[in-house]
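Engineer: Every position in the sequence shown, counted from 1, becomes a number in my numbering once 534 is added. Glycine residues also receive a C-beta, built at the ideal position from the N, C-alpha and C atoms. This is the structure, below, for whatever I ask next.
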Amino acid sequence: MPLHGRGARTRSAATGVTVYLDWNATAPPLDDALAAMHEAGRAGWGNASSVHSVGRRAHAYIEDAREAIAQLCERSPRDVFLTSGGTEANNLAIRSLAQGAALIVASRIEHPSVVRVVEAIGTEGIPVCWLDPDPEGCVRVEAIERALATCSEPARAVVCLQAANHETGVLQPVKEAIELVQRSGARIHVDAVQAFGKVAASVWREADTVSVAAHKIRGPKGIGALVAGPCAGLRPLLLGGGQEYGIRPGTGSAALAAGFRIAAEWAIRANCDYDALRPLRDRLEKCLLALGGVVNGGQKRLPHVTNVSFLDLRGDEIVAGLDIEGVCVSSGSACSSGAAEMSPVIAAMVGEERARGAVRASLGDTTSEADIELAMGAWGRVIGRARNG
Numbered sequence: 535m536p537l538h539g540r541g542a543r544t545r546s547a548a549t550g551v552t553v554y555l556d557w558n559a560t561a562p563p564l565d566d567a568l569a570a571m572h573e574a575g576r577a578g579w580g581n582a583s584s585v586h587s588v589g590r591r592a593h594a595y596i597e598d599a600r601e602a603i604a605q606l607c608e609r610s611p612r613d614v615f616l617t618s619g620g621t622e623a624n625n626l627a628i629r630s631l632a633q634g635a636a637l638i639v640a641s642r643i644e645h646p647s648v649v650r651v652v653e654a655i656g657t658e659g660i661p662v663c664w665l666d667p668d669p670e671g672c673v674r675v676e677a678i679e680r681a682l683a684t685c686s687e688p689a690r691a692v693v694c695l696q697a698a699n700h701e702t703g704v705l706q707p708v709k710e711a712i713e714l715v716q717r718s719g720a721r722i723h724v725d726a727v728q729a730f731g732k733v734a735a736s737v738w739r740e741a742d743t744v745s746v747a748a749h750k751i752r753g754p755k756g757i758g759a760l761v762a763g764p765c766a767g768l769r770p771l772l773l774g775g776g777q778e779y780g781i782r783p784g785t786g787s788a789a790l791a792a793g794f795r796i797a798a799e800w801a802i803r804a805n806c807d808y809d810a811l812r813p814l815r816d817r818l819e820k821c822l823l824a825l826g827g828v829v830n831g832g833q834k835r836l837p838h839v840t841n842v843s844f845l846d847l848r849g850d851e852i853v854a855g856l857d858i859e860g861v862c863v864s865s866g867s868a869c870s871s872g873a874a875e876m877s878p879v880i881a882a883m884v885g886e887e888r889a890r891g892a893v894r895a896s897l898g899d900t901t902s903e904a905d906i907e908l909a910m911g912a913w914g915r916v917i918g919r920a921r922n923g
C-alpha cells in the first residue's frame, strides 16, 4: 500500500512479537491520529457549543473532522452527523427510516447492530422480511426485489444492506440495490463500516443513510458518523441539546474528532488501495486450504480478508491456540466473539458445522511478508496439536 502508518506493531512478553491479523475488528490507531488527539485534548478542551473563543476552538476541531469525513464519503459536510460509532449510527438510521414503515427488509448476515434493531422493530408491529444469503455470502438483488414486491406500499419499505460483510469480507451488490430500491420509492440504509476507506464511496454514497466508524480506518474508537441527506427524516434517539443539528445531542469531543480527521485524511490519500494486500491474503489462504480449511465467501470480497472453516475443529480453540503463538485472529464479529457461540453469518451461509470451525484473518496496511510467514507457521502448529491431541 502507498501509506504505512506507524503504531501497528505490538509486543508480546511470551513470543517477543505479536502478528496482528484482526484488522476487521479494529485497526491500530495511527501515531499521527494519537498525536492530534493529544493536541486537541489540550487545546480544544472547551465546550464546542459555547460561543466564546475557547468554545470556538473546540468547535473548529469538530468541523474540520466533519469536512474530512464528508470528503471521504463524497458528500456534503451538512450530511455528516457525528456519533459514538457504527452501532449508534446504525440504530439512529434504522430507527429513523422505520418511522411509519410498512416493511423492513434485511438479512441475518448483517452486523448485530443492524440485526438486533430490526428484530426489535419487528416486535413493535412492523413486518420484517429476512433474506437468505447465497452460499457465497451474497444477498442477491433479485431477493430484495422479490421482498419489495410483497409489500402493498413499497414506497414505505426500508431495506438494510451492508457494503461489505464484517466476517467474510464479501462485497454486497450495494450500488445495484440502491438503484432498485430508489426506483421503487423505498429507502435504503447501508452499513459501510467495513467498506469505509476500502471501497470507493461512489458505490454507496447515494443511499438514504450510511454508517461509518473511525476505528476501522486507524482512527480512535468512540466516534463514527451517520451520513444522511435532508430527506432521510432523521429523528434523535436521545433528547437533549441541539448538537449535530439537533439529531445527536451531547457535548462533542474535540480530541476524538481530531483523531477521526487525521484517519480520514490518511484514507483519502491511500485512495482505497487495498489490492496490494491480496497476494499476502492469498498466500495465507493457500496455506490454510492445505491444512484442510474451507474458505467461506466467494471471490468478490475485500482483498485483505479470509474466513476459513476447519470442519473437525472449533474456531474458538484455534483462535486461543494462535493467541498463545502470538497471532491475533478472530472467530466471529468482534462485537460478539467474546461469547461462546458460533457465527450466525457463516451459519446462515453454509450451515452450523462450518460455522463452528470458522476463523477470520484480516490484514492491514502494515502487514508484512514476515508476518504472514510467522502466521502460517503458527497456524500449522496449532492445527497439528489440535488434531493430534
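Apart from the five residues on each side of it in sequence, which residues of its chain come closer than 6 Å, Cβ to Cβ, to D566?
Structural biologist: Position 32 of the sequence shown, counted from the first residue, corresponds to residue 566. So the list reads I796, once near-sequence residues are dropped.
Engineer: Between the alpha carbons of I678 and G826, how many angstroms are there, rounded?
Structural biologist: For the purposes of this step, residue 678 is identified with residue 144 of the sequence shown, where counting begins at 1. For the purposes of this step, residue 826 is identified with residue 292 of the sequence shown, where counting begins at 1. So the alpha carbons of these two residues sit roughly 35 Å apart.
Engineer: Within 10 angstroms of its Cβ, does A788 collect 16 or more other Cβ (buried), or is it exposed?
Structural biologist: As a working note, residue 788 is residue 254 in the sequence shown. By the neighbour-count rule (16 or more Cβ atoms within 10 Å), A788 is buried.
Engineer: Would you call the stretch 809 to 821 in contact with the stretch 760 to 778, where contact means no fewer than 3 C-beta pairs closer than 8 Å?
Structural biologist: The stretch 809 to 821 makes no contact with the stretch 760 to 778; the number of CB pairs closer than 8 Å stays below 3.
Engineer: Quick check: is any heavy atom of the ligand NAP less than 8 Å from the C-beta of R795?
Structural biologist: As for the ligand NAP, it is missing from this structure, which has no ligand bound.
Engineer: Does V733 have its Cβ less than 9 Å from a Cβ in chain D?
Structural biologist: Looking for chain D here will not work: only one protein chain is present.
Engineer: Which term fits I858, buried or exposed, when burial requires 16 or more other beta carbons within 10 angstroms of its beta carbon?
Structural biologist: For this step, residue 858 is matched to residue 324 along the sequence shown. By the C-beta density criterion, I858 is exposed, having fewer than 16 other C-beta atoms within 10 angstroms.
Engineer: Express the C-alpha separation of I802 and R690 in angstroms, rounding to a whole number.
Structural biologist: As a working mapping, residue 690 is identified with position 156 in the sequence shown. As a working mapping, residue 802 is identified with position 268 in the sequence shown. Answer to the nearest angstrom: the Cα atoms are 35 Å apart.
Engineer: Specify the secondary structure class of L695 as computed by DSSP and reduced to three states.
Structural biologist: On the sequence shown, position 161 is the one that residue 695 refers to. Strand.
Engineer: Quick check: A623 and C694, are their CB atoms within less than 9 Å of each other?
Structural biologist: Along the sequence shown, read from residue 1 onward, the residue named residue 623 stands at position 89. Along the sequence shown, read from residue 1 onward, the residue named residue 694 stands at position 160. Contact: no.
Engineer: Quick one: residues in its chain with C-beta nearer than 7 Å to the C-beta of A734, no 5 flanking neighbours on either side, listed in chain order?
Structural biologist: On the sequence shown, residue 734 is found 200 positions in, with the first residue counted as 1. The residues are C806.
Engineer: Please classify G872: is it buried, with 16 or more other beta-carbons within 10 angstroms of its beta-carbon, or exposed?
Structural biologist: Counted from its first residue, the sequence shown places residue 872 at position 338. For G872, the pLDDT reaches just 49, beneath the cut-off of 50, and the residue's location in the model is therefore unreliable, although a value from the coordinates is still provided. The residue in question, G872, is exposed, as its Cβ has fewer than 16 Cβ neighbours within 10 Å.
Engineer: Using three-state DSSP, classify H586 as helix, strand or coil.
Structural biologist: Here residue 586 is taken as the residue at index 52 of the sequence shown, counted from 1. The answer is coil: DSSP assigns H586 none of H, G, I, E or B.
Engineer: Can you round the beta-carbon distance between G767 and I751 to whole angstroms, since I take them to be within the 8 Å contact cut?
Structural biologist: The count along the sequence shown starts at 1 and reaches residue 767 at position 233. The count along the sequence shown starts at 1 and reaches residue 751 at position 217. The pair is not a contact, with the Cβ atoms about 28 Å apart (cut-off 8 Å).
Engineer: Rounded to whole angstroms, what is the Cα-Cα separation between P878 and A594?
Structural biologist: Counted from its first residue, the sequence shown places residue 878 at position 344. Counted from its first residue, the sequence shown places residue 594 at position 60. Distance between the alpha carbons of P878 and A594 is about 42 Å.
Engineer: Classify A909 as buried or exposed, calling it buried when 16 or more other Cβ atoms lie within 10 Å of its own Cβ.
Structural biologist: Here residue 909 refers to the residue found at position 375 of the sequence shown. A909 should be labelled buried.
Engineer: By the 10 Å Cβ neighbour count, where 16 or more other Cβ atoms means buried, how is D850 classified, buried or exposed?
Structural biologist: Against the sequence shown, residue 850 aligns to sequence position 316. By the neighbour-count rule (16 or more Cβ atoms within 10 Å), D850 is buried.
Engineer: So if DSSP puts W664 in a beta bridge, which residue, or which two residues, is it bridged to?
Structural biologist: Taking the sequence shown and counting its residues from 1, the one referred to as residue 664 is at position 130. In the DSSP output, where bridge partners are listed per residue, W664 has A640.
Engineer: Pairs of beta-carbons, one from the stretch 839 to 847 and one from the stretch 707 to 716, closer than 8 Å: are there three or more?
Structural biologist: no
Engineer: With DSSP run on the structure shown, which of helix, strand or coil describes R540?
Structural biologist: Position 6 of the sequence shown, counted from the start, is the residue given in the question as residue 540. Residue placement at R540 cannot be trusted, given a pLDDT of 41 that sits under 50; what the coordinates show is reported in the next sentence. The answer is coil: DSSP assigns R540 none of H, G, I, E or B.
Engineer: Whose C-beta lies closer than 6 Å to the C-beta of K709 among residues of the same chain, with five residues either side of it excluded?
Structural biologist: Sequence index remark: in the sequence shown, residue 709 carries index 175 (1-based). Taken in chain order, the residues that qualify are V737.
Engineer: Could you give the residue range of the alpha helix (DSSP H) that holds D816?
Structural biologist: Position 282 of the sequence shown, counted from the start, is the residue given in the question as residue 816. Unbroken alpha helix (DSSP H) run through D816: 812 to 824.
Engineer: Select from G763, I655, E886, R890 the residue whose C-alpha is nearest the C-alpha of E608.
Structural biologist: On the sequence shown, position 74 is the one that residue 608 refers to. The residue with the shortest Cα to Cα distance from E608 is G763.
Engineer: For I781, does the three-state DSSP call read helix, strand or coil?
Structural biologist: Translated into the one-based positions of the sequence shown, residue 781 becomes position 247. If DSSP states are grouped into helix, strand and coil, I781 belongs with coil.
Engineer: Would you identify the three-state DSSP class for G872, choosing helix, strand or coil?
Structural biologist: As a working mapping, residue 872 is identified with position 338 in the sequence shown. Caution applies to G872, whose pLDDT of 49 falls short of 50 and renders its modelled position unreliable; the value that the coordinates give is listed next. Coil, per DSSP.
Engineer: Name the one or two DSSP bridge partners that S865 has.
Structural biologist: Within the sequence shown, the letter at position 331 stands for residue 865. For S865, which the question treats as bridged, DSSP gives no partner whatsoever.
Engineer: Let me check understanding here. Comparing Cα to Cα, which of E907, A804, A920 lies closest to G855?
Structural biologist: For this step, residue 855 is matched to residue 321 along the sequence shown. Comparing Cα positions, the closest option is A920.
Engineer: Excluding sequence positions up to five away, which residues of its chain have a Cβ less than 6 Å from the Cβ of G943?
Structural biologist: With the chain represented from 535 up to 923, any question about residue 943 goes unanswered, as that position is not in the structure.
Engineer: Sort out for me which residues DSSP pairs I722 with in a bridge.
Structural biologist: For the purposes of this step, residue 722 is identified with residue 188 of the sequence shown, where counting begins at 1. DSSP output for I722 lists V693 as bridge partner(s).
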